[in-house]
Amino acid sequence: RFLDEWIPYLDLPGCPIHEDPYHPVTTQARRFLSETPADQVPIAWWHRSHRYAERLAPGTKFADIIGEIDPSRLVAGTSMAAEESLHFGLIPRMHRGIFAMNELPELDELVQVGLFNILEERDVQIRGFPVQFDLNIMIVFSANPSTYNRSGKVIPQLKDRIGSIIHTHYPAERDAGIQIMEQECEVPLDGPFPVVIPFFMKQIVEEITRAARRSRYIDHQSGVSARFSIANYQTMIASARRRGAVLKESPAVPRISDLGHLYSSSLGKLEVDLMSSHQMSEKQVLDSVMAEAIRTVFEEYVEQHGLEAIAQIFSKGIRIEVGDLLPSTHYEQILQRVPSVWEKAFEVNAAENAAMRASCVEFILAGLYATDRISRAQRHGTVTYEFEE
């Protein structure tokens, strides 16, 4: 019933609750129904997209989620003991909906007692006045397991009334992570500066997150959330779109060099394990997981045959410089000395579009570096691939 697309409610002016026409919970609604003929009762419809509210626990007061006596109504002559004197909080206002309290262990104990009363007795006491709320509401909580299970953070009476505990997990498959990433990104790919994203670039962004979750340098208690992928995906799109606007390339296609901007969206979202025997900075950890992600996806796409021959060409002193602001049309020209790289790019994507070719070429070069066949130097927004003994 909480997820029905539309539900009817009493359309009463001044009533803060979306009342069920058949089961009103406020004195105002019950009085109105008793005095009004059934065919004159005003009915409106409430969409499910509006029947959800959430609150972050730190700093939340009793008045925020339960309610408080409204001084302006007392001035108007309403009795302090009357239900009409109340200003309802989020939970009563979400009657017939879903309310989520995030980070439950951080909620003040007095507010936890109020939640316990609602779940158990369906009543609360506001300023010493008992108020009966026969609320029809689903209350959900979120918490980190390490703090939820810590003694004293959540009062036992409230814990006992929580019906079930669901342990969430990261997407088991990369494709599921990509689907979540695209769904939550909310960045349009069309418009005056359109962006076309090769699937291997989506895979690399998601694989960076998966590699971070596996990394021994990351604190696994803190983990790496899906927001890490989403923020990196948005940053990659923004970098490609900037190139499209500056160089007048349409559509713009993300490249490996665009991943150089992921530091801005990644740093701060990774918590390095300080107890690890190998101390690394957050930037070093990110470099490590990016290289692992590129290597993983590269080995899925590109045949190993011929890669050593390409490395041998680089060993003769060939240097290839690429960057996020290098025009796509220049890639064929700069790779004339290493035509096998250009040919290998067609194994990744057969499109003839210059921007797509540039993206594939950078993928091949980054893959050669990630598999330790050539070396790489970064400076002032450009990346140089070469061979070093």
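Position 83 (the sequence shown) corresponds to 134 in my numbering; numbering is contiguous. Beta carbons are placed, not taken as given, at the ideal position from N, Cα and C, and that holds for glycine.
- The straight-line gap separating the alpha-carbon atoms of Pro93 and Ala263 is approximately 56 Å.
- Around the Cβ of Thr380, a 10 Å sphere holds fewer than 16 other Cβ atoms; the residue is exposed.
- Taking C-beta atoms under 8 Å as the contact rule, Val162 and Lys204 fail to qualify, at a distance of about 13 Å.
- Annotated three-state conformation of His74 is strand, per DSSP.
- Taking the C-beta atoms as reference points, Ile269 is found no nearer than 8 Å to Asp226.
- Runs of the beta strand (DSSP E) lying entirely within the stretch 174-249 and spanning at least 3 residues, in chain order: 174-177, 180-183, 189-192.
- Going by beta carbons, Gly148 and Arg201 fall outside the 8 Å limit.
- The beta carbons of Thr435 and Arg370 sit about 6 Å from each other, so the pair counts as a contact at 8 Å.
- Distances from the alpha-carbon of Ile116 to those of Glu437, Arg293, Gly165, Ala396 put Gly165 closest.
- Here the C-alpha atom of Leu358 lies approximately 8 Å from the C-alpha atom of Leu419.
- Counting only runs of 4+ residues, the alpha helix (DSSP H) found wholly inside the stretch 377-428 occupies 382-385, 390-399, 405-421, in chain order.
- For a cut-off of 8 Å, the C-beta gap from Pro67 to Phe139 is around 5 Å, short enough to register as a contact.
- Bounds of the beta strand (DSSP E) holding Ile371 are 371-374.
- For a cut-off of 8 Å, the C-beta gap from Leu141 to Asp121 is around 16 Å, too long to register as a contact.
- Under the 10 Å beta carbon count, Ala401 is surrounded by fewer than 16 other beta carbons and is classified as exposed.
- Distance from the Cα of Glu160 is smallest, within the candidate group Phe365, Gln208, Ile190, Glu372, for Gln208.
- Under a 10 Å Cβ-count criterion, Glu70 is classified as buried, with 16 or more other Cβ atoms of the shown protein chains found around its own Cβ.
- Comparing alpha-carbon positions, the option among Arg346, Lys299, Ser308 lying closest to Ser290 turns out to be Ser308.
- Taking the C-beta atoms as reference points, Glu237 is found no nearer than 8 Å to Ser273.
- Under the 8 Å Cβ criterion, the stretch 249-258 counts as touching the stretch 215-234, having at least three qualifying pairs.
- Residue burial annotation: Glu398 is exposed, with fewer than 16 other C-beta atoms found within 10 angstroms of its C-beta.
- Under the three-state reduction of DSSP output, Ala108 falls in the coil class, being neither helix nor strand.
- With respect to the 8 Å criterion, Ile415 and Lys395 are classified as neighbours on the basis of their beta carbons.
- Ranked by Cα distance from Gln230, the first of Ile217, Phe250, Asp241, Ser215 is Phe250.
- For Leu63, the CB contacts under 8 Å within the same chain, skipping 5 residues up- and downstream, are Glu70, Gln79, Ala80, Phe83, Pro93 in chain order.
- In this structure, the alpha-carbon of Tyr382 lies about 35 Å from that of Arg265.
- By the neighbour-count criterion, in which a residue is buried when 16 or more other Cβ atoms sit within 10 angstroms of its Cβ, Glu300 is buried.
- The alpha carbon of Leu313 has as its nearest neighbour, out of His98, Ala421, Asp375, the alpha carbon of Asp375.
- If the five residues before and after Pro378 are omitted, its C-beta is found closer than 8 Å to the C-beta atoms of Leu298, Glu300, all from its own chain and listed in chain order.
- Annotation for Ala362: the continuous alpha helix (DSSP H) segment containing it runs 358-365.
- When rounded, the separation of the alpha-carbon atoms in Pro302 and Asp55 is 41 Å.
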